[in-house]
Amino acid sequence: MAAVIQLPQSPFWAKRQKQPPTRQPNGASRTREYLTSDEIERMITAARQGGGRLAERDALLIMVAYRHGFRASELIALRWDQIDLKAGTIHVSRLKHGSPSSHPLRGPELRALRAWKRQQPDTAPYVFTSLRGGPMTRRTVHHVIA
Numbered sequence: 000m001a002a003v004i005q006l007p008q009s010p011f012w013a014k015r016q017k018q019p020p021t022r023q024p025n026g027a028s029r030t031r032e033y034l035t036s037d038e039i040e041r042m043i044t045a046a047r048q049g050g051g052r053l054a055e056r057d058a059l060l061i062m063v064a065y066r067h068g069f070r071a072s073e074l075i076a077l078r079w080d081q082i083d084l085k086a087g088t089i090h091v092s093r094l095k096h097g098s099p100s101s102h103p104l105r106g107p108e109l110r111a112l113r114a115w116k117r118q119q120p121d122t123a124p125y126v127f128t129s130l131r132g133g134p135m136t137r138r139t140v141h142h143v144i145a
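Quick note on numbering: the sequence shown equals residues 0 to 145 in numbering that gives the first Met the number 0.
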């Protein structure tokens with residue numbers, strides 16, 4: 000009885016140790032948190048060349064989101080009565096702790112909005128609509144931008 004046999008412990012007997020997360024923070028893997036204007040222009044061009052009935056809407060959506068810093072929910076809530084095509088301004092009402100303001104509309108954006116308005120029925124209250132004429136969903140906006 001002098002010799003005692005040491006049996007290896009089962010790993011299931013030991014207390015489980017919490018492993019540190021293996022994912023690095025975004026700052027460590029990405030050099031920047033924004034898109035350049037060239038990348039945005041390529042996205043707009045790709046949306047237009049994508050074909051389909053809503054290619055112009057998708058290109059306009061990307062352009063307006065980029066130039067005015069809209070969130071997806073602000074884009075789908077944008078109404079034609081917030082846009083003055085004659086004066087070339089857009090009234091922006093922020094949803095999250097932002098103050099409302101008016102932004103100028105520039106050449107290509109203003110032309111695209113006018114062209115899109117001509118394609119919409121007069122009764123359409125929202126700028127960005129689905130195929131059925133209702134407001135878009137946030138999921139659709141994310142799909143267009145992704």
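Here a beta-carbon is modelled for each residue, glycine too, at the ideal position from N, C-alpha and C.
When DSSP reads this structure, Thr-128 sits in a beta bridge with Pro-134. Beta-bridge analysis with DSSP links His-102 to Ile-89. For Ala-145, the closest of Asp-57, Phe-127, Ser-36 by C-alpha to C-alpha distance is Asp-57. Leu-94 is classed as exposed because its beta carbon has fewer than 16 other beta carbons within 10 Å across all chains shown.
Excluding five sequence positions before and after Pro-134, the CB atoms of its chain that fall closer than 6 Å to its own CB belong to Ile-75, Tyr-125, given in chain order.
Between Ser-36 and the set Gln-48, Pro-19, Met-62, Ala-54, the nearest pair of CA atoms involves Met-62. Listed as beta-bridge partners of Arg-78 by DSSP are Tyr-125.
Short of 8 Å from the beta carbon of Gly-132, and not among the five residues preceding or following it, lie these beta carbons of its own chain, in chain order: Pro-120, Ala-123.
Distance from Val-143 to Leu-60 at the Cβ level is roughly 6 Å; contact confirmed, criterion being Cβ atoms closer than 8 Å. Just measuring C-alpha positions, the residue of Leu-112, Pro-19, Gly-68, Glu-55 sitting nearest Lys-85 is Leu-112.
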